[in-house]
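Working notes, beginning with the structure itself.
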Amino acid sequence: MTTIPVQYYLVVAAALFCIGLAISITKRHFIGMLLGIELMLNAVNINLVAFGRHDPERLSGQLFALFVIVVAAAEVTVALAIILRVYGRFKTVDPDQVNELKQ
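FYI, the numbering used here numbers position 87 of the sequence shown as 75, with every residue one higher than the one before it.
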């Protein structure tokens, strides 16, 4: 059985990161921005696991990927709580219309 070269993983991760960056820059609502950030974090996970395969005795790549997944889950939880509070106050999730911090 042949192994997949690391370059293929890097190309997929770079494409995924670029797509996530484009989504987070161009979307005009908070949920779209959050999805773009999650795609970028998944691209980082692909890189970590791909480089972790080169040294099978040490699981540092997989452990870092697990840490990134935990941080991403916490980030989604906090971000969705903030989005729900903003929607409850301003009745919109468009960041351009949310222009005041305090009344």
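From the three backbone atoms N, C-alpha and C, an ideal C-beta is built for every residue, glycine too.
Given the structure is predicted, the values throughout are model-derived calculations rather than measurements.
**OP:** Report the option in V58, V74, Q85 whose CA atom is closest to the CA atom of N30.
**Re:** V58
**OP:** Would you check if there are 3 or more beta carbon pairs closer than 8 Å linking the segment 24 to 42 to the segment -7 to 0?
**Re:** yes
Subject >> Endpoints, the alpha helix (DSSP H) within which L36 is located >> reply: 18 to 40
**OP:** Under 8 Å by Cβ, that's how I've got L9 and M28 pegged, so tell me the actual separation to the nearest angstrom.
**Re:** 6 Å
Original post:
Out of curiosity, what's the CA-to-CA distance linking V74 and E45?
Top reply: 47 Å
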